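Structure first, then comments.
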Amino acid sequence: MADSSITIDNLTVVAGERTLLENTSAKFKSGAITLIVGPSGVGKSVLLRIMAGLVERSHSSLHFTGNINLGDQTSRAGDLGVVFQSFALFDELSPSANVEFAKSHADNAADASAKELLDELKVPTDVRTVHLSGGQRQRLAIARTIGSSKFRTAQPSWGSACTNSALPAAIACCEPARSACTVP
């Protein structure tokens, strides 16, 4: 099996005049859940956005240097997917259509069908997205990310339903004010 770990090498992130990360290196092992802990404003979400290719190296207010590697390859935009805390689902679409929409807009979509992903994560397909429970919506967002990406990160909310089998490398962003971040 190919290495699906995520490695950060000498990453420096500067936002305006403020350095958020300086020469930071880390490895997120395949199948592991990693918590990134820090107070608001230190760059946890910025790191995830960079890893997912949602931020260009030189942006008007943010720039970064260093490398992010997926297995033995340098990351490219679209190689990583993000499950946002708000889930960003299309309520007017069915769960299957949410996953299919993401797959149809991805350069590197997963081989699994929407039905296979939704079945694996126990998301009902006979209920409109707007009527799904919070946990079902979260699992739908994870299924959509898995379907649209070869490698994934997750930014779950508290009480998340991420599973090791579903995500090669799950990275949770946590605020230290919480006593614990529980990920079953």
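All you need for our numbering is the position in the sequence shown, starting with 1, plus 22. Glycine included, every Cβ here is placed at the ideal spot set by N, Cα and C. As the structure is a prediction and not an experimental result, all values here were calculated from the model.
**Asked** How is K144 classed by DSSP in three states: helix, strand or coil?
**Response** Locating residue 144 in the sequence shown gives position 122, where the first residue counts as 1. In the structure shown, K144 sits in coil (DSSP, three-state: anything other than H, G, I, E or B).
**Request:** Could you tell me whether the Cβ atoms of V121 and A110 are closer together than 8 Å?
**Result:** Here residue 121 refers to the residue found at position 99 of the sequence shown. Here residue 110 refers to the residue found at position 88 of the sequence shown. In this structure, A110 does not lie closer than 8 Å to V121 by Cβ.
**Message:** List, from N- to C-terminal side, the beta strand (DSSP E) runs of 3 residues or more that fit wholly inside the segment 52–124.
**Reply:** Segments of the beta strand (DSSP E) lying fully in the segment 52–124: 54–59, 84–92, 102–105.
**Message:** Spatial neighbours of G38 within its chain, please: C-beta separation below 7 Å, excluding the five flanking residues on both sides.
**Reply:** The residue you call residue 38 lines up with position 16 of the sequence shown. These residues qualify, in order along the chain: S83.
**Message:** Taking the straight line between their C-alpha atoms, what separation do you get for L92 and M73?
**Reply:** Against the sequence shown, residue 92 aligns to sequence position 70. Against the sequence shown, residue 73 aligns to sequence position 51. Answer to the nearest angstrom: the Cα atoms are 10 Å apart.
**Asked** Looking at R71 and V64, is the spacing between their C-beta atoms short of 8 Å?
**Response** Along the sequence shown, read from residue 1 onward, the residue named residue 64 stands at position 42. Along the sequence shown, read from residue 1 onward, the residue named residue 71 stands at position 49. The answer is no: Cβ separation not under 8 Å.
**Asked** According to the Cβ coordinates, are T151 and D94 closer than 8 Å?
**Response** By one-based count along the sequence shown, residue 151 stands at place 129. By one-based count along the sequence shown, residue 94 stands at place 72. When the beta-carbon positions are compared, T151 and D94 stay at least 8 Å from each other.
**Request:** From the DSSP output, in three-state form, read off V152 for me.
**Result:** Here residue 152 corresponds to residue number 130 of the sequence shown, with the count starting at 1. Of the three classes helix, strand and coil, the one that applies to V152 here is helix, per DSSP.
**Asked** Going by beta carbon distance, what residues of the same chain come within less than 8 Å of N45, once the five residues before and after it are set aside?
**Response** On the sequence shown, residue 45 is found 23 positions in, with the first residue counted as 1. Within the same chain, and ignoring the five residues on either side of N45 in sequence, the residues whose Cβ sits closer than 8 Å to its Cβ are N32, L33, T34, G88.
**Asked** Is the distance from the Cβ of L42 to the Cβ of V68 below 8 Å?
**Response** To locate residue 42, count along the sequence shown from 1; it is residue 20. To locate residue 68, count along the sequence shown from 1; it is residue 46. Less than 8 Å divides the Cβ of L42 from the Cβ of V68.
**Request:** Take the Cβ of G169 as the centre, count every other Cβ of all protein chains shown within 10 Å, and call the residue buried at 16 or more, exposed below.
**Result:** Residue numbering aside, residue 169 sits at position 147 when the sequence shown is read from its first letter. Around the beta carbon of G169, 16 or more other beta carbons sit within 10 angstroms, so the residue counts as buried.
**Prompt:** Of the choices I90, R40, G75, S80, whose alpha-carbon is the least far from that of K49?
**Reply:** As a position in the sequence shown, residue 49 is number 27, starting the count at 1. Per the Cα distances, I90.
**Asked** What does a CB cutoff of less than 6 Å around A128 pick up in its chain, not counting 5 residues either side in sequence?
**Response** By one-based count along the sequence shown, residue 128 stands at place 106. Cβ within range, chain order: S170.
**Item:** Alpha-carbon spacing of G157 relative to L143, whole angstroms
**Value:** As a first step, residue 157 must be located in the sequence shown, where it is residue number 135. As a first step, residue 143 must be located in the sequence shown, where it is residue number 121. Looking at the backbone, the Cα of G157 and that of L143 are separated by about 10 Å.
**Asked** Alpha carbon to alpha carbon, how far is R161 from K66?
**Response** Taking the sequence shown and counting its residues from 1, one reaches residue 161 at position 139. Taking the sequence shown and counting its residues from 1, one reaches residue 66 at position 44. R161 and K66: Cα-Cα distance of roughly 22 Å.
**Request:** Would you tell me roughly how many angstroms separate the C-alpha atoms of L140 and F123, rounded to the nearest one?
**Result:** Numbered from its first residue, the sequence shown carries residue 140 at position 118. Numbered from its first residue, the sequence shown carries residue 123 at position 101. A direct Cα-Cα distance of roughly 14 Å separates L140 from F123.
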